[in-house]
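Since the structure comes first, as C-alpha cells, the remarks are kept for the end.
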Amino acid sequence: MRASVVYSVGALISITLSAYSAPLVYASDPRDQVELKTAYRRPSEIPHPDENRYTPEREKLGKTLFFDPRLSVSGFISCGTCHNPAFAWGDGLPRAIGHGMKTLGRRTPTILNLAWAPSLFWDGRADTLEDQALGPIQAPGEMNMPIGDLLARIKSLPEYGPLFELAYPGEGVSQKTIAKAISVYERTVVSGVSPFDQYIAGNERALTASQKRGFALFNGKANCAACHSSWRFTDDSFHDIGVPGEDLGRGAFLEIEELNYAFKTPTLRNVDRRAPFMHDGSEATLMSVIELYDAGGRVRRPTLSDEIKKLGLTSSEKQDLVEFLKALTSVDDPVMVPAAPR
Amino acid sequence: MSGRPSRQAARRGMREARACVLGMLTVTATWPCFAGEHTVSQSEKQFSQEQITIKAGDTILFKNEDSVAHNLFSRSDGFKFNLKKQEPGTENAIPFESAGTAEVRCAIHPKMKLVVTVEP
Ligand SMILES: [Cu+2]
Numbered sequence: 009m010r011a012s013v014v015y016s017v018g019a020l021i022s023i024t025l026s027a028y029s030a031p032l033v034y035a036s037d038p039r040d041q042v043e044l045k046t047a048y049r050r051p052s053e054i055p056h057p058d059e060n061r062y063t064p065e066r067e068k069l070g071k072t073l074f075f076d077p078r079l080s081v082s083g084f085i086s087c088g089t090c091h092n093p094a095f096a097w098g099d100g101l102p103r104a105i106g107h108g109m110k111t112l113g114r115r116t117p118t119i120l121n122l123a124w125a126p127s128l129f130w131d132g133r134a135d136t137l138e139d140q141a142l143g144p145i146q147a148p149g150e151m152n153m154p155i156g157d158l159l160a161r162i163k164s165l166p167e168y169g170p171l172f173e174l175a176y177p178g179e180g181v182s183q184k185t186i187a188k189a190i191s192v193y194e195r196t197v198v199s200g201v202s203p204f205d206q207y208i209a210g211n212e213r214a215l216t217a218s219q220k221r222g223f224a225l226f227n228g229k230a231n232c233a234a235c236h237s238s239w240r241f242t243d244d245s246f247h248d249i250g251v252p253g254e255d256l257g258r259g260a261f262l263e264i265e266e267l268n269y270a271f272k273t274p275t276l277r278n279v280d281r282r283a284p285f286m287h288d289g290s291e292a293t294l295m296s297v298i299e300l301y302d303a304g305g306r307v308r309r310p311t312l313s314d315e316i317k318k319l320g321l322t323s324s325e326k327q328d329l330v331e332f333l334k335a336l337t338s339v340d341d342p343v344m345v346p347a348a349p350r
Numbered sequence: 216m217s218g219r220p221s222r223q224a225a226r227r228g229m230r231e232a233r234a235c236v237l238g239m240l241t242v243t244a245t246w247p248c249f250a251g252e253h254t255v256s257q258s259e260k261q262f263s264q265e266q267i268t269i270k271a272g273d274t275i276l277f278k279n280e281d282s283v284a285h286n287l288f289s290r291s292d293g294f295k296f297n298l299k300k301q302e303p304g305t306e307n308a309i310p311f312e313s314a315g316t317a318e319v320r321c322a323i324h325p326k327m328k329l330v331v332t333v334e335p
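Note that the protein sequences, when read in sequence, are chains A and B.
Per the working numbering, the first sequence starts with residue 9, numbered consecutively.
Per the working numbering, the second sequence starts with residue 216, numbered consecutively.
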C-alpha cells in the first residue's frame with residue numbers, strides 16, 4: 009500500500025517538474041530568454057583534476073606526444089592523424105582508418121571540450137582522459153603499439169628525457185606520465201568563440217534572423233536541447249536516436265539491453281566541419297541529420313529514446329536549424345605542430 | 216513498449232516495501248517504519264547524495280523524482296543489479312545483503328554516481 013501511495017506522489021512531482029520546465033523550453037517572455045541564454049554561457053576556465061594539474065611544460069610534452077607518429081608501431085599514425093585539427097579534431101571519414109589501413113567499426117569523434125566530459129568513447133567505456141589515453145596506442149586496430157615497445161622507443165629518443173623531467177620531475181618516462189601529459193594537452197583543446205557565443209554574450213547582430221529562428225526551434229518544437237544541452241551542446245548521456253545498424257553501443261558495453269543502440273550525445277561545437285555524422289558516419293550532411301530527427305528516427309525500436317518523435321518541421325524550419333548549427337562554429341587559431349624529439 | 220520492464224521493477228519495489236511493513240508490524244507499530252530502509256532520490260540528473268553508509272541487510276529505496284527516466288545499476292562485486300528503465304515518479308527498493316562497497320551508477324547519465332558503504 010505504502011509503495012503505491014508514494015508512487016502517485018512521485019507522479020505528481022514529475023508533473024510539476026515538467027510543468028516548471030515547459031516555459032524554459034519555449035522561452036517566450038524576456039525573463040525566460042535570459043535564463044535560456046545563461047544555460048548556454050561559456051565557462052571562463054578549463055577544469056584540470058588535482059591529480060594532474062596544468063603546467064605549460066605538461067601541455068608541451070602532451071602536445072608533442074599527441075602529434076608524434078612514432079607512438080604507433082608503424083611510426084606512421086599519431087593521435088592527430090585521426091583527431092586532426094584541420095577537421096575540427098576528427099578525420100572527416102565515415103569510419104576511422106587505423107593500423108594496416110584497416111577500417112574501424114566507428115567514426116572518430118572530436119576531442120574538443122573533453123575537459124568537461126564525464127565519460128569517453130561513443131559507448132562511455134572510459135571515465136577519464138588519463139584512463140583513455142593508452143587505449144588507442146595499444147589497440148591493434150589503431151596504433152597497435154605494445155606498451156613495453158612504446159616505452160623503449162620514447163627512451164631511445166634522448167630529446168624526450170628533458171621534456172618529461174620538466175613536466176613530471178622525478179617521475180621518468182612511464183605509462184602514467186605519457187597518459188597524464190596527453191590528457192593535460194587534450195584538456196586545452198577547447199572550441200573558440202563562435203557567432204553563437206557572441207549572441208549569448210549580448211550581441212544581437214551576431215546571428216542572422218534564420219539562425220535565431222533555428223535557435224528557438226532547437227529549444228522548442230525540434231526538441232534538440234533535450235539532449236544537446238549546455239554550452240557544449242551535449243548532456244553527456246546515452247540515447248538511441250534511431251540510427252540503423254548492428255552496433256549495440258552502450259548496451260553491449262554495459263550488457264544492459266535497455267541501452268542497446270544508445271550512443272553518447274556528441275557535442276555540436278564546430279559540427280559543420282566534421283561531416284559525415286553519427287557514430288558510423290551514416291549521415292552525409294547536416295540536412296540529412298535534420299531529416300532523421302524529423303522522421304522520428306530512421307528505425308523504430310523498443311530502445312528508441314522517448315525524446316525522439318516525428319517533428320513535422322517545414323522545409324524552411326529545417327533550413328533554419330541547419331543555419332543555427334553553423335553558428336556554433338568558431339574560427340580557431342591554426343595549430344602549430346611541435347618538432348618531433350630526436 | 217518500454218513500459219513492461221519498469222512496471223515489473225515497480226512491482227518488485229512494492230513487494231519489498233510490503234515485506235518491510237509486515238516485518239515492522241511484528242517489532243514496533245511506528246509509522247513510518249523502515250528502520251534499515253534508506254531513501255535516495257534522483258532529480259535534475261543527480262542523486263540526492265554522493266555517498267551513503269548503511270548496515271548489511273538494509274535496503275535503499277531509489278525514487279525517481281526527476282522529469283526523465285533513469286537506469287540504475289551496479290557492477291560492483293557482490294552487489295550486481297540492474298533496475299532497468301525507471302520512469303519518472305516510480306521507486307524501487309534494493310537490498311544490500313553483505314558488507315562491502317558498491318558503486319551505483321546510471322547507465323544513461325554517467326555523471327550520476329552513488330557510493331554505498333555497507334557495514335557488517
Ligand atoms: Cu540517469
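The beta-carbon is built from N, C-alpha and C at its ideal position, and this holds for glycine as well.
| Asked | Found |
| --- | --- |
| Quick one: using the 10 Å Cβ neighbour count with 16 as the cut-off for buried, is alanine 270 of chain A buried or exposed? | buried |
| Between lysine 179 of chain B and ligand 1, is there a pair consisting of the residue's CB and a ligand heavy atom that are separated by less than 7 Å? | The question about residue 179 of chain B has no answer, for chain B in this structure spans 216 to 335. |
| List, in order along the chain, the chain A residues whose C-beta lies closer than 9 Å to that of alanine 271 of chain B? | What alanine 271 of chain B touches in chain A: nothing, since even the nearest Cβ is about 23 Å away. |
| For a contact meaning CB atoms closer than 8 Å, what does proline 335 of chain B contact in chain A? | The premise fails here: proline 335 of chain B is roughly 28 Å from chain A at the closest Cβ pair, so nothing lies under 8 Å. |
| Under 8 Å between beta-carbons, which chain B residues line up against aspartate 99 of chain A? List them in chain order, please. | What aspartate 99 of chain A touches in chain B: nothing, since even the nearest Cβ is about 25 Å away. |
| Would you kindly check if the distance between the Cβ of leucine 312 of chain A and the Cβ of glycine 250 of chain A is under 8 Å? | yes |
| For the alpha helix (DSSP H) that contains arginine 258 of chain A, what are its first and last residues? | 258 to 262 |
| Identify the contact partners of proline 310 of chain B in chain A, using a Cβ-Cβ distance below 7 Å as the criterion. | Per Cβ cutoff of 7 Å: no residues; proline 310 of chain B is ~15 Å from chain A at best. |
| What is the DSSP secondary structure of lysine 278 of chain B, counted as helix, strand or coil? | strand |
| How many whole angstroms separate the CB atoms of leucine 8 of chain A and alanine 187 of chain A, which I take to be in contact at a CB cut-off of 8 Å? | Since the first and last residues shown for chain A are 9 and 350, residue 8 of chain A lies out of range. |
| Mapping DSSP to helix, strand and coil, what is serine 258 of chain B? | strand |
| Would you say lysine 295 of chain B reaches chain A, if we count a Cβ-Cβ gap shorter than 8 Å as a contact? | no |
| Tell me the DSSP secondary structure of threonine 72 of chain A in three-state form. | helix |
| Please identify the residue among A/Tyr62, A/Lys110, A/Ile54, A/Trp124 whose C-alpha is closest to the C-alpha of isoleucine 85 of chain A. | A/Lys110 |
| Is any non-hydrogen atom of ligand 1 found closer than 7 Å to the C-beta of arginine 323 of chain B, if you look at the structure I gave you? | Note that residue 323 of chain B corresponds to isoleucine in the displayed sequence, not to arginine. Yes - ligand 1 has a heavy atom lying nearer than 7 Å to the Cβ of isoleucine 323 of chain B. |
| Go to asparagine 307 of chain B, then tell me how far its beta strand (DSSP E) extends in each direction, as first and last residue. | 306 to 310 |
| With a cut-off of 8 Å, do at least 3 Cβ pairs link the segment 301 to 310 of chain A to the segment 167 to 181 of chain A? | no |
| Check distances from the C-beta atoms of the segment 124 to 156 of chain A to those of chain B and list, in chain order, the residues that come in under 7 Å. | Pro126, Ser127, Gly132 |
| With the cut-off set at 8 Å, would you say arginine 277 of chain A and leucine 101 of chain A are in Cβ contact? | no |
| Any contact between the segment 90 to 109 of chain A and the segment 273 to 293 of chain A? By contact I mean 3 or more CB pairs, one from each, below 8 Å. | yes |
| Closer than 7 Å: is that where the CB of histidine 285 of chain B sits relative to any heavy atom of ligand 1? | yes |
| Can you tell which of B/Lys328, B/Cys321, B/Gln261, B/Val319 has its C-alpha closest to the C-alpha of glutamate 280 of chain B? | B/Gln261 |
| Quick one: what's got a C-beta closer than 7 Å to glutamate 167 of chain A's C-beta in the same chain, skipping five residues either side? | Pro349, Arg350 |
| What is the DSSP secondary structure of lysine 272 of chain A, counted as helix, strand or coil? | strand |
| Fully enclosed by the segment 177 to 247 of chain A, which alpha helix (DSSP H) runs are 4 residues long or longer? | 183 to 195, 203 to 208, 217 to 227 |
| Are there 16 or more other CB atoms within 10 angstroms of the CB of tyrosine 34 of chain A, so buried, or fewer, so exposed? | Confidence at tyrosine 34 of chain A is low in this model, with a pLDDT of 46, below 50, so the placement of that residue is unreliable and no value is reported for it. |
| Using a 10 Å radius around the Cβ and a threshold of 16 neighbouring Cβ atoms, would you call arginine 222 of chain B buried or exposed? | Low local confidence applies: a pLDDT of 41 at arginine 222 of chain B is under 50, so the model's placement there is unreliable, and no value is given. |
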